[in-house]
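Just remember that my numbering sits 7 ahead of the position in the sequence shown, which is counted from 1.
From the three backbone atoms N, C-alpha and C, an ideal C-beta is built for every residue, glycine too.
Predicted model, so just to flag it, every value in this text is computed and none were measured.
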Amino acid sequence: MTVLFPSIPPTLGALVLFLAGVALVVESVERFVESVAESALSLGFSAFFLTVVLAGTDLENAILGLAAVFGRLPDLALGTVFGEALFILGVALGIAGILSPFETTVPRSYLLLTVGSPALFFLLAADGTVSRLDGGVLTLAFLPLLGAVYVLERHTDTQYLSAEEVADRIEADGNQHASPDGGPSDADSDERVAWWTLAVTLLAVVGMTVGSELAVIGARDVLATLGISGLAFGATVMSFVASLEELFLTVEPVRQGRPHLGIGNVVGSMLFFVTANVGVLALVHPLTTDGAVVTVHWPFFLGSLALVGAILFRGRVGRPEGALLLAVYVGYWAANGMGHLVG
Numbered sequence: 008m009t010v011l012f013p014s015i016p017p018t019l020g021a022l023v024l025f026l027a028g029v030a031l032v033v034e035s036v037e038r039f040v041e042s043v044a045e046s047a048l049s050l051g052f053s054a055f056f057l058t059v060v061l062a063g064t065d066l067e068n069a070i071l072g073l074a075a076v077f078g079r080l081p082d083l084a085l086g087t088v089f090g091e092a093l094f095i096l097g098v099a100l101g102i103a104g105i106l107s108p109f110e111t112t113v114p115r116s117y118l119l120l121t122v123g124s125p126a127l128f129f130l131l132a133a134d135g136t137v138s139r140l141d142g143g144v145l146t147l148a149f150l151p152l153l154g155a156v157y158v159l160e161r162h163t164d165t166q167y168l169s170a171e172e173v174a175d176r177i178e179a180d181g182n183q184h185a186s187p188d189g190g191p192s193d194a195d196s197d198e199r200v201a202w203w204t205l206a207v208t209l210l211a212v213v214g215m216t217v218g219s220e221l222a223v224i225g226a227r228d229v230l231a232t233l234g235i236s237g238l239a240f241g242a243t244v245m246s247f248v249a250s251l252e253e254l255f256l257t258v259e260p261v262r263q264g265r266p267h268l269g270i271g272n273v274v275g276s277m278l279f280f281v282t283a284n285v286g287v288l289a290l291v292h293p294l295t296t297d298g299a300v301v302t303v304h305w306p307f308f309l310g311s312l313a314l315v316g317a318i319l320f321r322g323r324v325g326r327p328e329g330a331l332l333l334a335v336y337v338g339y340w341a342a343n344g345m346g347h348l349v350g
């Protein structure tokens with residue numbers, strides 16, 4: 008670290024490297040998702056389903072977690088799973104309720120799916136370890152959960168949002184690609200757009216890879232310098248920084264009068280975190296789930312998830328509810344700090 012930053016204190020240099028790496032990952036993931044969304048919209052899926060898949064499948068968290076596991080910091084990776092889930096439930100949804108109180112009728116099937124989603128993870132982690140076999144089971148479990156959302160949106164009266172917004176977007180894109188004289192679309196222009204999208208996607212992948220490496224190197228030096236446990240750091244600082252964009256993914260749709268999209272981000276994120284995200288991490292390196300995981304992280308996560316489920320069951324997220332969710336998240340940070348001091 009001193010070689011990279013010879014004129015500044017090691018701790019500050021580590022923080023700078025960590026923050027730069029996380030910022031690069033977040034920006035790269037955003038560009039990657041945008042390029043994928045351009046193709047996904049043409050499939051005619053409902054906007055809610057696309058939100059669950061594209062926003063809920065939190066690639067930056069998974070990438071940072073994998074980088075931490077490969078960097079021999081599995082506790083840091085596990086901390087980001089719990090930390091970002093708590094951030095979405097407590098901060099993102101809480102601030103949305105405080106800034107723009109809203110009402111929404113979430114189908115009971117989605118509430119049950121979301122609140123019950125951690126059950127398999129909880130059972131497999133009960134022995135104190137999520138093994139590679141457990142990781143494979145959790146990873147595969149994400150597919151039927153995603154399939155359930157697809158079926159509910161596609162074939163039943165539980166559809167949370169129709170594909171009209173998707174159709175409008177496709178029509179707008181079609182008008183942009185049409186030639187000014189009303190003739191056929193410019194094939195050469197479409198080909199250039201396709202190649203440009205591919206280039207952006209590949210560049211985003213490179214950015215995610217480089218950024219995650221920088222973040223883990225910086226995090227490792229911070230942990231070594233300050234003596235903070237990887238689990239606590241991942242659950243608080245790392246997940247907080249990496250999750251800031253979740254505020255926009257949740258708050259902005261609510262502010263625009265489309266709370267279903269904000270809820271879609273919450274639903275998708277929970278399904279992803281407790282199955283594929285933690286599952287892939289365990290496939291690379293078994294995860295230890297005793298100690299603070301049992302006394303701090305599980306109680307706060309399950310409590311927050313149950314609280315959010317109850318609030319959405321009532322159908323209104325107002326300022327009192329938002330303040331309560333934020334208070335729980337603050338308590339989570341305090342519990343991590345106390346756990347570190349006790350340790």
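Once the 5 residues before and after ARG369 are set aside, which same chain residues still bring their CB inside 7 Å of it? The structure shown does not extend to residue 369, since the chain is modelled only from 8 through 350, so no value can be given for it.
Let me know the secondary structure DSSP gives ARG321 once reduced to three states. Helix.
Distance between ALA99 and LEU319 (C-alpha atoms, nearest Å): Within the model, the alpha-carbon separation for LEU319 versus ALA99 is close to 14 Å.
Going by beta carbon distance, what residues of the same chain come within less than 7 Å of ALA148, once the five residues before and after it are set aside? These residues qualify, in order along the chain: LEU127, THR282.
Taking the alpha carbon of PRO306 as the reference point, which residue from PRO81, TYR336, GLY329 has its own alpha carbon closest? Looking at the Cα atoms, TYR336 is the closest of the given residues.
Going by DSSP, what residue range makes up the alpha helix (DSSP H) through ALA84? Counted as a single uninterrupted DSSP element, the alpha helix (DSSP H) harbouring ALA84 occupies residues 81-93.
Should LEU364 be labelled buried (16 or more other beta-carbon atoms within 10 Å of its own) or exposed? The chain is shown only over 8 to 350; residue 364 falls outside these bounds and no answer can be derived.
CB-CB under 7 Å to THR296, same chain, minus the five flanking residues each way: which ones, in chain order? If we look at THR296 and ignore the five residues flanking it on each side, its Cβ neighbours are ALA132, GLY135, THR136, VAL137.
In the structure shown, what three-state DSSP assignment does THR136 receive? DSSP places THR136 in the strand class (E or B) of the three-state scheme.
For my contact list, GLY241 and GLY86 are in at a C-beta cut-off of 8 Å; report their separation, rounded to the angstrom. The C-beta distance from GLY241 to GLY86 rounds to 2 Å, short enough to meet the 8 Å contact threshold.
Nearest-angstrom Cα separation, counted from PHE109 out to GLN263: Cα-Cα distance, rounded: 11 Å.
Tell me where the alpha helix (DSSP H) around ALA242 begins and ends. Here ALA242 belongs to no alpha helix (DSSP H), and DSSP marks it neither H nor E.
Taking the alpha-carbon of LEU332 as reference, which of VAL122, GLY72, SER311, PRO125 has the nearest alpha-carbon? Distance from the Cα of LEU332 is smallest, within the candidate group VAL122, GLY72, SER311, PRO125, for SER311.
My output table needs one value for THR295: the three-state DSSP class, helix, strand or coil. Reduced to three states, the DSSP call for THR295 is strand.
CB contact flag (PHE308, ALA92, <8 Å): It is a contact, given that the beta carbons lie within the stated cut-off.
So, GLY104 versus GLY325, is the Cβ gap smaller than 8 Å? The answer is yes: Cβ separation under 8 Å.
So LEU118 packs on LEU278, CB below 8 Å; how close in whole Å? So it is not a contact: roughly 13 Å between Cβ atoms.
Who pairs with GLU110 in a beta bridge, going by DSSP? In the DSSP output, where bridge partners are listed per residue, GLU110 has ARG323.
Proximity winner among PRO125, SER116, ASP141, relative to SER158 (alpha-carbon distances): The sequence given here has Val at residue 158, not Ser. Put simply, of PRO125, SER116, ASP141 the residue whose alpha carbon is nearest the alpha carbon of VAL158 is SER116.
Helix or strand or just coil, what does DSSP make of ASP141? Helix at ASP141.
Suppose you measure from the CA of GLY90 to the CA of ALA239; what does that come to, to the nearest Å? Taking C-alpha positions only, GLY90 is separated from ALA239 by approximately 9 Å.
What is the DSSP secondary structure of PRO351, counted as helix, strand or coil? Because the chain is modelled from 8 through 350, residue 351 falls outside the range shown and cannot be assessed.
Expressed to the nearest angstrom, what Euclidean distance is found between the alpha-carbon atoms of ARG176 and PHE280? Interpretation of ARG176 is limited by its pLDDT of 41, a score under 50 that renders its predicted location unreliable; no figure is taken from the coordinates.
With DSSP collapsed to three states, give me the class of PRO151. In the structure shown, PRO151 sits in a helix (DSSP, three-state: H, G or I).
Per-residue DSSP class, three states only, for SER124: Three-state result, SER124: coil.
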